[in-house]
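Heads up, the final residue of the sequence shown is numbered 669 in our numbering, and it's a clean run with no missing numbers. For glycine and all other residues, C-beta sits at the position ideal for the given N, C-alpha and C. For reference, the structure discussed in these notes is given below.
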Amino acid sequence: GATWLGQAPFTETPHVFQNLGDGTYFHSGLLAIRAAIASKANITYKILYNDAVAMTGGQPVDGTLTVPQIIEQLKGEGIERIAVVTDEPDKYPADFPNFEGMTIDHRSQLDAIQKDIRKVPGTSAIIYDQTCAAEKRRRRKKGEFPDPQKRVMINSDVCEGCGDCGEASNCLSVLPKETELGRKRTIDQSACNKDYSCVEGFCPSFVTVHGGQLRKQRSSVTQPVAIELPEPTMPALDKPWNVVMTGIGGTGVLTISSILGMAAHLESKGCSVLNLTGLAQKFGAVVSHVRIGQSQQDIHAVRVPAGDAHLLLGCDLVVTAGEEALAKVNRDLSHAIINDYESPTAAFTRDPDVRFPKVAMKKAIEAEVGEDKTHFVNASQLAVELMGDAIGGNLFLLGYAYQKGLVPVSADAINRSIELNGVAIEFNKQAFTWGRRAAHDEASVKALLPQQKAPFKPLQKLNEIIEYRVNYLTQYQDAAYAKRYKTLVDECHSKVSQVDKDEQLIKAIAKNYFKLMAIKDEYEVARLYTDGKFAERIKQQFEGGYEMHFHLAPPLFAKKDPESGKLIKKEYGPWMMRAFSLLAKAKRLRGSAWDVFSYTEERKMEVALIGEFEELMTKEILPNLTAENLAVAVELIASVEKIRGFGHVKDAAVTQWRQKRSELLDKFYGCETSAVHFVDLDQVV
């Protein structure tokens, strides 16, 4: 923030914010704040008290200051205003430091506080008190941090797949879930940091489960893992053996590199381990360089040079296919063992429709290493099926590479290193051995597994697509409502069949007309919570005494945020299930004079959309459809898929769709040239 002190007098910008970590604040940041106060600069320092030096790997802050000490220090420096925001405002005692102009609020109020504090002349500070989520998870695993008995679940039937939860949380533990009715969301419980910010997504599908515990996933494999395995021929160490490991933060990549390094040490071999940790961000890219030599004198640098990797051990496909990893391999020298499990990327938090480019990434790796020397194995999925937990996937991969003769230390040394690590010893040994078995005879390992469900595939036949949705709408309302749907779809089918040979248009009509008719109103949300399916999914994942809490913003009762004007979600207890039961039974009121929800602006808009779609089909598409504009018609109808979400999220989606509809209608009618204007230049002159 010190640069602002010299810049401020020469700009029209009246105020700036400056981020500052607690570690930086302690070692030198306070001096910058002192200078800002002395120069009377209009600046607000946002001090992130996250209890860790995150930039360099999550170390503890040297000489930690407490929040009260920082407050007293800033007060002594003469700061104008201090605001404390936190995820737990109630944790502060009654004797917490206080002075005029100081406030303590929940983190949800951060935006409003920022807008208010920037009006304060002089230097001010916001202290954001929340332990780093990745650090919380690490400490919980060690038993050093409270582990709240509260987990987030998503009712995927209620979910619209709008992606607002991803925008609210920026969390990759919110995973895509493909269904017949489009992409929805689910929570990866093994990776969840329990930050709970995803609940702030404006959607009634979020449930928090209080109490109880996750059911341990039990492997159905009864055969013991230990069988007689042939020992592979180890690589010669006439020169250092170079291993490049790639993965994502929070999955144990650094543990694997440490285990391999210790195994080399136990055999009195030379070893170096260099970890590039992606700023310690959970799900950030992690690359480890492990070099093993006959002696320590053989290793002259810790970084693997470009093109010198003997083994590329890819614990994550995306990071492995990146430029940094592929720069380390070459076709003459390298081998690759890759986990091809589809782990979502950060792009998914911003684009709910982004697709995983699995095929392209695998081809890129094979092109650099060679198809015959590249092995893809879904280590994460096999670890779940064999041992009940995907966290074993990385050691499974190491075992796979060992059995292929690509690791220059013995199995005994690796197992001893696992023991010295002291975490989940038997589990990790089993993961390593299962990896060896899979490399030796993958078919026999897969034969031990129960018959797998086929990967989800949406319905392809037109009659199946229509039948599924007719049955759904019958349950949604009644047979008459479903008949309205089928009548229009059948009418469209008969009129477009001559042009629509591949049935792309009629399938788009069948899917998107249904989407608009199956409005997720209060009655439908209640039905989807009480039909028994969601309760069964909860039962399959949790055991012990637990209860469900619901996070809702009922339009008739919810308050509006004074800053944004958006409805505020509120937590409702288990009694909400009884209210849902009553609402579900009252669905016959839908659309009648007694339907109190039908008078809301959102419901009026949703009902109007059905009419707009019907008019679009009967008055625009069907009368003017030709072979030339068929592709545009399909795109026009498919654009309805983007209308999703609830409340303000859906409002924004509808606005964007109507604009898109106008553009595509111009294109449909061949009006692309309507923006070209001819001018008589002589007349202009």
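Reduced DSSP secondary structure (H/G/I, E/B, other) of residue i
i           : result
residue 264 : The predicted position of residue 264 is uncertain, since its pLDDT is 47 and thus under 50; a value taken from the coordinates is nonetheless stated next. DSSP places residue 264 in helix when its eight states are reduced to three.
residue 530 : strand
residue 318 : coil
residue 186 : coil
residue 332 : helix
residue 174 : coil
residue 255 : strand
residue 30  : strand
residue 49  : coil
residue 362 : coil
residue 65  : strand
residue 229 : strand
residue 82  : coil
residue 222 : coil
residue 280 : helix
Contact check, residue i vs residue j, beta carbons under 8 Å
i           : j           : result
residue 31  : residue 112 : yes
residue 101 : residue 152 : no
residue 241 : residue 257 : yes
residue 325 : residue 364 : yes
residue 34  : residue 5   : yes
residue 313 : residue 345 : no
residue 190 : residue 632 : no
residue 358 : residue 369 : no
residue 413 : residue 216 : no
residue 530 : residue 195 : yes
residue 617 : residue 627 : no
residue 561 : residue 404 : no
residue 115 : residue 20  : no
Buried or exposed by the 16-neighbour rule on C-beta atoms within 10 Å, applied to residue i
i           : result
residue 498 : buried
residue 544 : exposed
residue 678 : This structure does not reach residue 678, given that the chain is present from -15 up to 669, and the question cannot be answered.
residue 401 : buried
residue 148 : buried
residue 9   : buried
residue -12 : buried
residue 168 : buried
residue 75  : exposed
residue 225 : buried
residue 79  : exposed
residue -3  : exposed
residue 119 : buried
residue 318 : buried
residue 461 : buried
residue 65  : buried
residue 440 : exposed
residue 3   : exposed
residue 15  : exposed
residue 451 : exposed
residue 188 : buried
residue 140 : buried
residue 506 : buried
residue 409 : exposed
residue 659 : For residue 659, the predicted structure reports a pLDDT of 42, less than 50, and the residue's modelled location is therefore unreliable. The matter cannot be settled from this model.
residue 469 : buried
residue 236 : buried
residue -7  : exposed
residue 392 : buried
Task: the region 183 to 201 / the region 635 to 647 touching (three or more Cβ pairs under 8 Å) - done: no
TODO: Check whether the region 375 to 382 touches the region 228 to 244, taking contact to mean three or more Cβ pairs, one atom from each stretch, closer than 8 Å.
DONE: yes
Open item on the list: Across the region 327 to 345 and the region 283 to 295, are there enough close Cβ pairs to call them in contact, namely three or more that are closer than 8 Å?
Closed with: no
Task: At least three beta-carbon pairs within less than 8 Å, the region 511 to 521 to the region 580 to 597 - done: no
- [ ] Please go through the region 368 to 441 and give each complete beta strand (DSSP E) segment of 3 or more residues, from N-terminal end onward.
- [x] none
TODO: Could you say if the region 417 to 435 and the region 209 to 222 meet the contact criterion of at least three C-beta pairs nearer than 8 Å?
DONE: yes
TODO: Go through the region 521 to 595 residue by residue and report every complete run of the beta strand (DSSP E) that reaches 3 residues or more, in order.
DONE: 526 to 536 and 554 to 556
Task: Sufficient close CB pairs (3 or more, under 8 Å) joining the region 469 to 486 to the region 568 to 581 - done: no
Task: At least three beta-carbon pairs within less than 8 Å, the region 123 to 138 to the region 86 to 100 - done: no
Task: Every unbroken beta strand (DSSP E) within the region 112 to 184, with a cutoff of 3 residues, ordered by chain - done: 134 to 138, 158 to 163 and 166 to 171
Open item on the list: For the pair the region 608 to 628 and the region 483 to 494, tell me if three or more CB-CB distances fall below 8 Å.
Closed with: yes
- [ ] Kindly confirm or deny that the region 175 to 188 and the region 152 to 165 touch, where touching means at least three C-beta pairs closer than 8 Å.
- [x] yes
Task: Any beta strand (DSSP E) of 3 or more consecutive residues that is wholly inside the region -8 to 18 - done: 0 to 5
Task: Any alpha helix (DSSP H) of 4 or more consecutive residues that is wholly inside the region 426 to 513 - done: 446 to 460, 463 to 480 and 488 to 501
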